[in-house]
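To start, the structure itself, in structure tokens.
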DNA sequence: GTTTGCGTTTGAGCGCGCTCCAACGCCTAG
DNA sequence: CTAGGCGTTGGAGCGCGCTCAAACGCAAAC
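Listed below in structure tokens is the structure:
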């Protein structure tokens, strides 16, 4: 089963510190047991976003959500899965308009699969670049902490006493 | 010399792909040969930000910049070094107000060094968290690319044909 | 002398992604 | 019957980090 491999990779990536990992892996892999339908509050809880944001995503055209007799939103499992995907992409920095583009591709049929893959690949590369940038920043900050002399200036020269 | 070690760590962190690394390492370590003074355009070029942004940072209280006889800004090496630090922090996601706080600490004297270190350590942890988040997202996106079936839904089940 | 180019200032405007407000509806508990 | 709680809508507002407009100054080039 592919899930195991995914979990293993996620675990490996997460490394040492934090409760975040457990929760995050949960969200990454634990989509099997979704209820048939959910209320807006339940979905908001699940995704850790506000009901406001969910309505906003709907207005933005990212999802279509059915209503019950009272006009209240009913989120079915498919919609929730799409929202899981969308929030994951948002969290990793994909802008709303790219998401709107992607969804428009999804909604226009199977022939857009290659273009969708392009979007994903490009986003993957963006994430990789960002990770490299952050890793570099991390190195700089760690260096500055280690050699702190009080100056805002060069991390590299004149380290001074800690 | 500490620079070598820093370079080595940065190189190790950067890994395989890209011209970004060379340029980035340059910025990380190559602060020794700054001119005595620079114009706003030169600094903007160096930092890859706009003159607008430089003026904005000044208005925000992050730096004080001297003027020449015509009222034009003159950036000396110390100010430029501070700006290098500031843009590095901005690039790694530190909000303007944290930067303002940090600078206010710097400007209030050596006794704030411990508090400055607290700020840096907290930011370091923020960067680490963000890297972990992005690594997780990257795994998810890579998985979705690898198993793409066209659904926006679960990355984990029903992979379908590539 | 005028044009070109780079700079200055104050203050307004913008793009993004929410976030909230006001007015209202339905349903249930007390 | 009424109060509380959760939901609805359209539209306004916000926080962030720039980004730009307008009106102006100085100086070198033509």
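Protein chains in written order, with my numbering: chain H, 1 to 162; chain F, 1001 to 1162.
Ideal Cβ placement from N, Cα and C applies to all residues, glycine included.
Under 8 Å between C-beta atoms of residue i and residue j
i: residue 80 of chain H; j: residue 106 of chain H; result: no
i: residue 133 of chain H; j: residue 1091 of chain F; result: yes
i: residue 145 of chain H; j: residue 1120 of chain F; result: yes
i: residue 1117 of chain F; j: residue 57 of chain H; result: no
i: residue 67 of chain H; j: residue 59 of chain H; result: no
i: residue 65 of chain H; j: residue 1123 of chain F; result: no
i: residue 1083 of chain F; j: residue 1063 of chain F; result: yes
i: residue 131 of chain H; j: residue 1040 of chain F; result: no
i: residue 71 of chain H; j: residue 100 of chain H; result: no
Cross-chain neighbours of residue i in chain H, by beta carbon under 8 Å
i: residue 1108 of chain F; result: Simply none; closest approach about 11 Å.
i: residue 1127 of chain F; result: 134, 137, 138, 141
Residue i (DSSP reduced to helix, strand or coil)
i: residue 1166 of chain F; result: The structure shown does not extend to residue 1166 of chain F, since chain F is modelled only from 1001 to 1162, so the question has no answer here.
i: residue 1113 of chain F; result: helix
i: residue 1078 of chain F; result: helix
i: residue 1038 of chain F; result: strand
i: residue 66 of chain H; result: strand
i: residue 1143 of chain F; result: helix
i: residue 1044 of chain F; result: helix
i: residue 125 of chain H; result: helix
i: residue 1137 of chain F; result: helix
i: residue 1148 of chain F; result: coil
i: residue 21 of chain H; result: A caution first: residue 21 of chain H carries a pLDDT of 49, below 50, which makes its placement in the model unreliable, though a value can still be read off. Three-state DSSP puts residue 21 of chain H in a helix.
i: residue 96 of chain H; result: helix
i: residue 104 of chain H; result: helix
i: residue 1118 of chain F; result: helix
i: residue 162 of chain H; result: The predicted model places residue 162 of chain H with a pLDDT of 36, which falls under 50 and marks its position as unreliable, so this point remains unresolved.
i: residue 1157 of chain F; result: Here the model assigns residue 1157 of chain F a pLDDT of 39, short of 50, so the residue's position is not dependable, and the following value carries that caveat. Here residue 1157 of chain F sits in coil by DSSP.
Partner residues on chain F for residue i, Cβ-Cβ distance less than 9 Å
i: residue 145 of chain H; result: 1117, 1120, 1121, 1124
i: residue 92 of chain H; result: 1133, 1134, 1136, 1137, 1138, 1140, 1141
Amino acids of chain F, ordered along the chain, whose beta-carbon sits closer than 8 Å to that of residue i
i: residue 131 of chain H; result: 1131, 1134, 1135, 1138
i: residue 142 of chain H; result: 1124
i: residue 88 of chain H; result: 1137, 1140
For residue i, the residue or residues it bridges with in DSSP
i: residue 1073 of chain F; result: F/1067
Near the ligand ZN: residue i beta-carbon under 7 Å from a heavy atom
i: residue 41 of chain H; result: This structure simply doesn't include the ligand ZN, nor any ligand for that matter.
Contacts that residue i makes with chain H (C-beta to C-beta distance below 7 Å)
i: residue 1097 of chain F; result: Chain H residues near residue 1097 of chain F: none, gap ~17 Å exceeds 7 Å.
Exercise for review: Count the C-beta pairs between the region 35 to 42 of chain H and the region 67 to 84 of chain H that are closer than 8 Å, then say yes if the count reaches three, no if not.
Suggested key: With a cut-off of 8 Å, the region 67 to 84 of chain H and the region 35 to 42 of chain H count as touching, because enough Cβ pairs lie within range.
Practice item. Assess, as a yes-or-no matter, whether the region 1121 to 1128 of chain F is touched by the region 127 to 142 of chain H under the definition of 3 or more beta carbon pairs within less than 8 Å. Key: Between the region 127 to 142 of chain H and the region 1121 to 1128 of chain F there are three or more C-beta pairs closer than 8 Å, enough to call the two in contact.
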